[in-house]
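Undergrad: Got a structure here, written out as structure tokens. Questions coming.
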Amino acid sequence: MAQLNSKYPALLAAILVAVFPGASHAQSLRGFQFDQPEDSATSTETMQRLIMKVSPAANDSDKQKQQTPQQKLNTLGAATGTTLTYIRALSAGAWLVEVPQTQSRQAMESLSDNLMAADPSVLFAHPDYRIVQSALPNDPSFSQQWHYQVPSSTNRSAVNLPSAWNVSEGLGVTVAVIDSGYRPHVDLIGNIAPGGYDFVSIGDNDSSPGWDNDPLDTVGTPAFCNPRCAWHGTHVAGTVAAVTNNGIGVAGVAPRAKVLPVRVNTPYSGQLSDLTEAIYWTAGLTVPGLPGQALPRAQVINMSLNTTSQTGCPAQLSNAITAALTRNVVVVVSAGNNDEVANYPPANCPGVITVAGLKRDGGKYSASNYGPNVTISAPAGQSADSSSSVYSTYNDGLGVPGADSYRFLAGTSMAAPHVAGVAALLKSMVPNATPEQIEQYITSSARPFTSSSCTTSRCGAGMLDANAAVLQAQSSQGLVLNPILSGVYYDPTTAGQGVMIDVDPNAGVVFMGWYTFAHEGGNLASKQRWFTAVSAFVPGSRSAQMTIYQNIGGNFDNLPTTSASPVGSATLTFQSCNVGTLDYTITFDGITKSGSVPLTRITTSEYCQTGAIPAVSLSASGINPTLDGSWYEPRTSGQGMQFVFAPQNSNTAFLTWYTYDINGQNAGTSGQRWYAIQGSYTPGAQQVQGLAIYESIGGRFDGLPRALPPVQVGTADLAFQGCNQATLTYNIAGRPSRTIPLTRLSGGGACSP
-9 MAQLNSKYPA LLAAILVAVF PGASHAQSLR GFQFDQPEDS ATSTETMQRL IMKVSPAAND
51 SDKQKQQTPQ QKLNTLGAAT GTTLTYIRAL SAGAWLVEVP QTQSRQAMES LSDNLMAADP
111 SVLFAHPDYR IVQSALPNDP SFSQQWHYQV PSSTNRSAVN LPSAWNVSEG LGVTVAVIDS
171 GYRPHVDLIG NIAPGGYDFV SIGDNDSSPG WDNDPLDTVG TPAFCNPRCA WHGTHVAGTV
231 AAVTNNGIGV AGVAPRAKVL PVRVNTPYSG QLSDLTEAIY WTAGLTVPGL PGQALPRAQV
291 INMSLNTTSQ TGCPAQLSNA ITAALTRNVV VVVSAGNNDE VANYPPANCP GVITVAGLKR
351 DGGKYSASNY GPNVTISAPA GQSADSSSSV YSTYNDGLGV PGADSYRFLA GTSMAAPHVA
411 GVAALLKSMV PNATPEQIEQ YITSSARPFT SSSCTTSRCG AGMLDANAAV LQAQSSQGLV
471 LNPILSGVYY DPTTAGQGVM IDVDPNAGVV FMGWYTFAHE GGNLASKQRW FTAVSAFVPG
531 SRSAQMTIYQ NIGGNFDNLP TTSASPVGSA TLTFQSCNVG TLDYTITFDG ITKSGSVPLT
591 RITTSEYCQT GAIPAVSLSA SGINPTLDGS WYEPRTSGQG MQFVFAPQNS NTAFLTWYTY
651 DINGQNAGTS GQRWYAIQGS YTPGAQQVQG LAIYESIGGR FDGLPRALPP VQVGTADLAF
711 QGCNQATLTY NIAGRPSRTI PLTRLSGGGA CSP
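Below, the structure is given as structure tokens:
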């Protein structure tokens, strides 16, 4: 490492002043629904199937233990006076079982209890309940999405998204929307992940009834269905991740996340057995008839649905959710629109994030379930087609698909995807975060309720605040080191000093130049100090453990070359693309100090939002950010420069130059000098003339006072002969003028000739 550092120039950062689970098996429940208030139909619900799990009893004979499922069911049927027919295997060893004719819900729940009482090998049994529906970008309708805006007296329950998008947009995260499927809406299709699945086994009237790999929603509004039943999954998916900044329609909470559509119901059909299999499958686990995979298919699940049961979480559903949580999948569920949430799975299942609904004014949405099981509250709206409800992607078809459209809908179904989207923002920042950690970020950052209709005992921790949640994660986790983090940073409280950072996987290093002053400060150039720091680049690492070096013994732009001596250690971490922390222990000028420097990027990176640095041609595009990085003259190794080009900041060129006094060879640390070079370049040009050279004095090491305003001491011209070759011609008063040939040392840019 010492040999490597002797080659690395100490980067010059003369930072100018701010320019820039299972439940008891005796529990029962009814079907589950997508966000519509309970009606009389649920009390007359009929069904024909059971979900059960049987384990061989310890005193069973070998012959009994070798029975097929149907043989075991014959024995159980004889004991209870019922014919039981094996339909198929379910995940985790459960069975789907059918009786000869439909029966009332109460009769099937009674049969379930009788089966468990008749034979202790029946671990659980419950009906296969019906599932039914629970009901700053340039996107022109973003203004109608009041629920995304900064909270105000008009929009008290808004989730404060715009600032959160400066930190995370959900890149790299997939959210499974387990719902009614989706329509290929023009404002959604770009964020639909491939590989979705249709788990509707009964009542599916699409082109290929039964399970298949086509999760399209083909069923509109039947005459008896509340309008909110139609195109439910499309509306929910749009809230999670509608395509954003495409000049049309609406925005999604996590605009760079992907939606995996998992279809489990139609407006009038859906079974618990299909839902549980969908959860296992989404978690990447093996489902009978479908293979598993090494990783979950999604990192977040949204279920805007609930049962019409009035009891606890059924065992098979609880087992499926637990399996997903064990694989680090976050499970978000709408509270439902009925009554006390404790009575309505999956909102009452262990481990889920249960979301209650809020009106625009911050009060509880009138139909929202409530109670101690609620985790958080989010916007649910007022009523369908009210501009105070949730606006998202939709379809105008009745009975059959129609044209793409948008619609205001209301219900906790609309609240849950706000939380699922924020979970995606957080998982993008902290990919290995557990479901418990994601929940903690969301709940600990919630805003207090502003209405007496919602308290923490009824509506969860508070009102969802996306920006506060990402800041919570930001403060506790570091980003994975990557080239996008390279740039110029400073501490606003000590403006006039700072650092320049290169994260270069190709060179295998993280390199930093630190530009500051002597401990006691002083208004003299001899009080300038600069250091370099370097560490190996470790893929996937969230911090760099760096050795700090100091170079002395050189002369201004001249021989001799110098070698570096270690003077301390530092840990560099990043809380976002534009915010970092430098923790250090350093000894120089006979004094040892330890501390922490909060770092803010002086000009935001063009690539923070895209997440990648593209290849750019120098000959075609001229000066561009792929030229950012460390440059030096081999003849005078031990001094050098770093470049940053910012097209998003009026095409600003910002260079730092670390060097020595003209007679600095024998001056020790007082011979160190550093300058900042700044100006504007012309897009397309490969050279820039008349850059101003500045010198800063008057600061104190990592402390106040701030440096004096920088003083211009010269000019410079910069020209590029290639991606790795450049020349700098300077003219500084009291210094000899010369043209310096520069070679690129490091940088994350993908420059091409």
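Mapping of the sequence shown onto my numbering: position 513 corresponds to residue 503, and the numbering continues sequentially without gaps.
C-beta atoms are modelled at their ideal positions from N, C-alpha and C, and glycine is treated no differently.
1) Are there 16 or more other CB atoms within 10 angstroms of the CB of G302, so buried, or fewer, so exposed?
2) Could you give the first and the last residue of the continuous beta strand (DSSP E) run that contains G619?
3) Is the shortest distance between the beta-carbon of A451 and the beta-carbons of chain C less than 8 Å?
4) Where does Y384 sit, in a helix, a strand or coil, going by DSSP?
5) Leaving out five residues before and five after V606 in sequence, what residues of the same chain have Cβ atoms less than 8 Å from its Cβ?
6) With three or more beta-carbon pairs closer than 8 Å as the criterion, would you say the stretch 687 to 694 touches the stretch 671 to 678?
7) Rounding to the nearest angstrom, what Cα-Cα distance links A458 and N359 in this structure?
8) I'd like the span of the alpha helix (DSSP H) that includes Y431, first residue to last.
9) Three-state secondary structure (DSSP) at P615?
10) Indicate whether the contact test is met: 3 or more Cβ pairs, each with one atom in the stretch 362 to 377 and one in the stretch 155 to 164, closer than 8 Å.
11) Between V277 and E267, which are expected to be in contact by the criterion C-beta below 8 Å, what is the C-beta distance as a whole number of angstroms?
12) For R437, I'd like the list of residues in its chain whose CB is within less than 6 Å of its CB, leaving aside the five on either flank, ordered along the chain.
13) Going by DSSP, name the residue or residues bridged to F710.
14) On a Cα-Cα basis, can you pick out the residue from N292, L178, L735, N104 that is closest to A497?
15) Going by DSSP, what residue range makes up the beta strand (DSSP E) through C741?
16) Does the count of Cβ pairs from the stretch 162 to 176 and the stretch 409 to 420 closer than 8 Å reach three?
17) On a CA-only basis, which of Y172, S94, T234, V226 is nearest L206? Give me that one, please.
18) Under 8 Å, with one C-beta from each stretch per pair, do the stretch 225 to 241 and the stretch 383 to 397 reach the 3-pair mark?
19) Return helix, strand or coil for A723, following the three-state DSSP convention.
20) How many Å lie between P59 and Q38 at the Cα?
21) Less than 8 Å between the beta carbons of V342 and V319, yes or no?
22) Assuming D492 contacts S620 under a Cβ cut-off of 8 Å, what Cβ separation, rounded to an integer in Å, is found between them?
23) To the nearest whole angstrom, what separates the beta carbons of K517 and A526, a pair I think is in contact under 8 Å?
24) Between which two residues does the beta strand (DSSP E) harbouring A490 extend?
25) Considering just the uninterrupted stretch of the alpha helix (DSSP H) at I311, what are its terminal residues?
26) If I follow the unbroken alpha helix (DSSP H) through S59, where does it start and stop?
27) What do you get for L694, buried or exposed, if any count of 16 or more other CB atoms within 10 angstroms of its CB means buried?
28) Provide the residue span of the beta strand (DSSP E) that contains D169, from first to last.
29) According to DSSP, is P391 helix, strand or coil?
30) Where does L475 sit, in a helix, a strand or coil, going by DSSP?
31) Specify, as a first and last residue, the run of the beta strand (DSSP E) that N448 falls within.
32) Which residue from G661, D707, V167, Y381 puts its Cα closest to that of D129?
33) Do you know how far the Cα of P604 is from the Cα of T440?
34) Are the beta-carbon atoms of S744 and T563 separated by less than 8 Å?
35) With three or more beta-carbon pairs closer than 8 Å as the criterion, would you say the stretch 540 to 548 touches the stretch 654 to 664?
36) Under the three-state reduction of DSSP, which class applies to W155: helix, strand or coil?
TA: The structure says:
1) As a working mapping, residue 302 is identified with position 312 in the sequence shown. G302 comes out buried.
2) Position 629 of the sequence shown, counted from the first residue, corresponds to residue 619. It spans 619 to 622 - the beta strand (DSSP E) in which G619 sits, taken as one unbroken run.
3) Here chain C cannot be found, since the structure has a single protein chain.
4) Counted from its first residue, the sequence shown places residue 384 at position 394. Strand.
5) The residue labelled residue 606 in the question sits at position 616 within the sequence shown. Once the five neighbours on either side are set aside, the close Cβ partners of V606 are N614, P615, T616, G739, A740, C741, S742.
6) no
7) By one-based count along the sequence shown, residue 458 stands at place 468. By one-based count along the sequence shown, residue 359 stands at place 369. Each residue's alpha carbon lies about 25 Å from the other.
8) By one-based count along the sequence shown, residue 431 stands at place 441. Segment 425 to 434, the alpha helix (DSSP H) holding Y431.
9) Residue mapping note: residue 615 aligns to position 625 of the sequence shown, counting from 1. Note: P615 maps to helix in three-state DSSP.
10) no
11) Sequence index remark: in the sequence shown, residue 277 carries index 287 (1-based). Sequence index remark: in the sequence shown, residue 267 carries index 277 (1-based). At roughly 5 Å, the Cβ-Cβ gap stays under 8 Å, so V277 and E267 are in contact.
12) As a working note, residue 437 is residue 447 in the sequence shown. Only G452, M453, D455 meet the Cβ criterion.
13) Here residue 710 refers to the residue found at position 720 when the sequence shown is read from its first residue. DSSP output for F710 lists A716 as bridge partner(s).
14) Against the sequence shown, residue 497 aligns to sequence position 507. The shortest C-alpha separation from A497 is found at L735.
15) Translated into the one-based positions of the sequence shown, residue 741 becomes position 751. Unbroken beta strand (DSSP E) run through C741: 740 to 742.
16) yes
17) For the purposes of this step, residue 206 is taken as residue 216 along the sequence shown, with counting starting at 1. Minimum Cα distance to L206 is reached at Y172.
18) yes
19) Here residue 723 refers to the residue found at position 733 of the sequence shown. Residue state, collapsed to three classes: coil.
20) Taking the first residue of the sequence shown as 1, we reach residue 59 at position 69. Taking the first residue of the sequence shown as 1, we reach residue 38 at position 48. Cα to Cα, the separation comes out at about 18 Å.
21) Here residue 342 is taken as the residue at index 352 of the sequence shown, counted from 1. Here residue 319 is taken as the residue at index 329 of the sequence shown, counted from 1. Not a contact, by the Cβ cut-off of 8 Å.
22) In the sequence shown, the residue the question calls residue 492 occupies position 502. In the sequence shown, the residue the question calls residue 620 occupies position 630. Confirmed, about 5 Å.
23) Position 527 of the sequence shown holds residue 517. Position 536 of the sequence shown holds residue 526. The Cβ separation is near 33 Å, so there is no contact.
24) Position 500 of the sequence shown, counted from the start, is the residue given in the question as residue 490. The residue you asked about is not Ala; residue 490 is Met in the sequence shown. 488 to 494 is the span of the beta strand (DSSP E), which, as asked, contains M490.
25) On the sequence shown, position 321 is the one that residue 311 refers to. Looking at the DSSP string, the run of the alpha helix (DSSP H) that includes I311 is 305 to 316.
26) Position 69 of the sequence shown, counted from the start, is the residue given in the question as residue 59. Before going on, a small fix: residue 59 reads as Pro here, not Ser. From DSSP, the alpha helix (DSSP H) with P59 extends over 59 to 70.
27) The sequence position of residue 694 within the sequence shown is 704, counting from 1. The residue is exposed, with fewer than 16 neighbouring Cβ atoms inside 10 Å.
28) Counting from 1 along the sequence shown, the entry for residue 169 is found at position 179. Here the beta strand (DSSP E) through D169 covers 164 to 169.
29) Counting from 1 along the sequence shown, the entry for residue 391 is found at position 401. Of the three classes helix, strand and coil, the one that applies to P391 here is coil, per DSSP.
30) The count along the sequence shown starts at 1 and reaches residue 475 at position 485. Helix at L475.
31) Along the sequence shown, read from residue 1 onward, the residue named residue 448 stands at position 458. For the record, residue 448 in the displayed sequence is Arg; it is not Asn. Taken as a continuous stretch (DSSP letters only), R448 belongs to no beta strand (DSSP E), being part of the alpha helix (DSSP H) at 446 to 449.
32) On the sequence shown, position 139 is the one that residue 129 refers to. Nearest option by C-alpha distance: Y381.
33) The residue given as residue 440 occupies position 450 in the sequence shown. The residue given as residue 604 occupies position 614 in the sequence shown. Taking the straight line from one Cα to the other gives about 46 Å.
34) Outside the shown range of the chain (-9 to 743) lies residue 744, about which nothing can therefore be said.
35) yes
36) Locating residue 155 in the sequence shown gives position 165, where the first residue counts as 1. Helix, per DSSP.
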